[in-house]
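Below is one structure; the comments refer to it alone.
Next up, the structure:
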């Protein structure tokens, strides 16, 4: 399981609360920038949540755990989180943590599907080059042209 999915339940309430508390400025600005990528919208909101000003309430223990989970993500998973947040903001008015967890799961599935490679080869005993996790090789004939 990825670190992002494992941390989603901890991260989502923190980001959801931040989005709701920022209500006007950051969320509306992020939603209005439809030309921006989802990653950029998410990056903007996540940055605002992580780098609070002195006038903001102090972080709670749960907030501190969420910040640590976010900071512990690998670069690719951080980008997935930012994309999920950006899509979540653009999808409409549901700023709940549950909605964000769903968005994280959806984006994670989409990113992970890009990790799959389909290799096609042609000709007798042609090699497959690339990463193959599961494969079925069907050779239509043996070396003499007959059935194997």
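In our numbering, the protein residues as written are 6 to 153. Beta carbons are placed, not taken as given, at the ideal position from N, Cα and C, and that holds for glycine.
Coarse secondary structure for residue i, derived from DSSP in three states
{"i": "residue 107", "result": "helix"}
{"i": "residue 18", "result": "helix"}
{"i": "residue 7", "result": "coil"}
{"i": "residue 128", "result": "coil"}
{"i": "residue 40", "result": "Annotation note: pLDDT 43 at residue 40 (below 50); position unreliable, no value reported."}
Any C-beta of chain D under 8 Å from that of residue i
{"i": "residue 44", "result": "In the structure shown, chain D cannot be found, because there is only a single protein chain."}
Residue i burial status per 10 Å Cβ neighbour count (16 or more: buried)
{"i": "residue 91", "result": "buried"}
{"i": "residue 8", "result": "exposed"}
{"i": "residue 60", "result": "exposed"}
{"i": "residue 47", "result": "buried"}
{"i": "residue 73", "result": "exposed"}
{"i": "residue 13", "result": "buried"}
Cβ-Cβ separation, residue j to residue i (assumed contact under 8 Å), whole Å
{"i": "residue 100", "j": "residue 21", "result": "6 Å"}
{"i": "residue 53", "j": "residue 23", "result": "7 Å"}
{"i": "residue 51", "j": "residue 87", "result": "6 Å"}
{"i": "residue 102", "j": "residue 11", "result": "Not quite, the Cβ-Cβ distance comes to about 15 Å (not below 8 Å), so this is no contact."}
Endpoints, alpha helix (DSSP H) assigned at residue i
{"i": "residue 61", "result": "No alpha helix (DSSP H) contains residue 61, which DSSP labels as neither H nor E."}
{"i": "residue 86", "result": "80-95"}
{"i": "residue 67", "result": "66-76"}
{"i": "residue 98", "result": "No alpha helix (DSSP H) contains residue 98, which DSSP labels as neither H nor E."}
{"i": "residue 57", "result": "Counting along the chain, residue 57 falls outside any alpha helix (DSSP H), and DSSP gives it neither H nor E."}
### Query
So does the segment 60-75 actually touch the segment 99-111, counting three or more Cβ pairs closer than 8 Å?
The answer is no - the segment 99-111 does not touch the segment 60-75, with fewer than three Cβ pairs under 8 Å.
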